Amino acid sequence: MTKRILVSCGTAVATSTVVAKKVEETLKSKGYDVVVEQCKASEVPYKAASASVIVTTTPISDAGNTPVIQTISFLTGVGIEADIEKIIQHLG
Amino acid sequence: MTNETLLTTKLVELQADHPTKEAVITCLAEKLYEQQYVKESYSAAVLAREVIYPTGLPLANTGVAIPHTDSVHVLKPAIAVSMLKNPVSFCVMGSPDSQVEVSMVLMLAISDPESQLELLQRLMGIFQDAETMQLMQEMTTADELVQLLTERIQ
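Just so you know, the sequences run in chain order A and B.
Numbering-wise (the UniProt record's numbering), the first sequence opens with residue 1 and increments by one.
Numbering-wise (the UniProt record's numbering), the second sequence opens with residue 1 and increments by one.
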């Protein structure tokens with residue numbers, strides 16, 4: 001079954017665009033069936049429920065029961081692999 | 001869209017000396033406004049966004065910041081660059097209580113995230129490439145810096 005990943009940042013202009021693409025490419029190359037959607041941090045409360053996991057560059061509130069991974073590794077390159085492992089754990 | 005117009009020597013400053021992050025942001029925003037890449041509202045919008053969603057990134061060997069804001073303030077895409085003589089403190093993206101000493105500021109004027117995705121990806125790729133980052137710091141003229149960056153984001 002396709003898993004949904006939500007990627008959020010402050011304004012959904014620069015950073016979440018890059019993070020979403022990187023997450024999608026990495027997981028698909030590992031054979032995971034995922035769809036990645038980007039949004040503003042302020043939109044997370046409305047979109048969290050349908051996602052398996054949320055990856056965000058900025059702190060978010062009200063993600064409900066959806067697990068949240070806050071990281072800037074996809075931008076700085078420091079610690080990407082550990083974060084990919086964390087995302088995979090939540091894909092079940 | 002060609003990268004030539006995205007990045008010009010008029011949008012680059014080397015050996016810049018600014019006391020604060022606000023001073024860097026204001027200076028770069030002014031360049032973008034003078035060259036008609038952004039609206040007058042851009043500068044204040046970037047400053048306000050930096051407070052709520054800081055853009056400092058601690059890289060492996062140095063610190064950079066990528067101040068930007070909503071595309072409604074942007075007329076056409078560009079990158080303005082400030083290479084700082086003395087680092088200034090930015091708050092870390094996602095961790096507003098932490099600070100990072102930044103030696104390079106790349107201010108992004110993004111008009112359409114989808115069409116500028118590749119540019120943004122390449123830019124983040126540069127951040128993860130210690131060799132290019134080191135080369136950028138060693139550039140002595142704006143021409144050299146624009147040429148190097150243009151090569152690496154094409």
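Every residue, glycine too, gets a C-beta built ideally from N, C-alpha and C.
Nothing here was measured: the structure is a model prediction, and the numbers come from that model.
Bounds of the alpha helix (DSSP H) holding Q134 of chain B are 130-138.
Taken in chain order, the members of the region 57-84 of chain B whose beta-carbon sits within less than 8 Å of a beta-carbon on chain A are L57, P58, L59, A60, I66, H68, T69, D70, S71. Just so you know, the alpha carbons of A48 of chain A and M139 of chain B end up roughly 45 Å apart. The beta carbon of V18 of chain A falls within 8 Å of a beta carbon belonging to chain B, placing the residue at that interface. One thing to note: I66 of chain B has its Cβ within 8 Å of the Cβ of L108 of chain B. M93 of chain B reaches chain A at T15, T57, T58, I72, L75, counting residues in chain order whose Cβ is nearer than 8 Å. Excluding residues up to 5 positions away in sequence, A65, I66, P67, M93 lie with their Cβ nearer than 6 Å to the Cβ of T55 of chain B in the same chain. Here V34 of chain A is actually not in contact with A20 of chain A; their C-beta atoms are around 11 Å apart, not less than 8 Å. Every alpha helix (DSSP H) of 4 residues or more that sits fully in the UniProt domain "PTS EIIB type-2" (3-92) of chain A is shown, in chain order, as 15-29, 44-47, 73-76, 80-91. The Cβ of I153 of chain B sits no closer than 8 Å to any Cβ of chain A. Identification of chain B residues near G10 of chain A by a Cβ-Cβ cut-off of 7 Å yields R49, I52, Y53, ordered along the chain. Pairing Y53 of chain B with V74 of chain B gives a Cβ-Cβ distance that is not under 8 Å. When the Cα atoms are used, G92 of chain A and C9 of chain A turn out to be separated by approximately 24 Å. The beta carbons of V46 of chain B and I79 of chain B sit no closer together than 8 Å. Interface flag for V78 of chain A against chain B is set, since a Cβ pair is found closer than 8 Å. For S98 of chain B, the uninterrupted beta strand (DSSP E) run begins and ends at 95-109, by DSSP. No Cβ-Cβ contact shorter than 8 Å links I69 of chain A with V78 of chain A.
The beta carbons of A41 of chain A and I5 of chain A sit no closer together than 8 Å.
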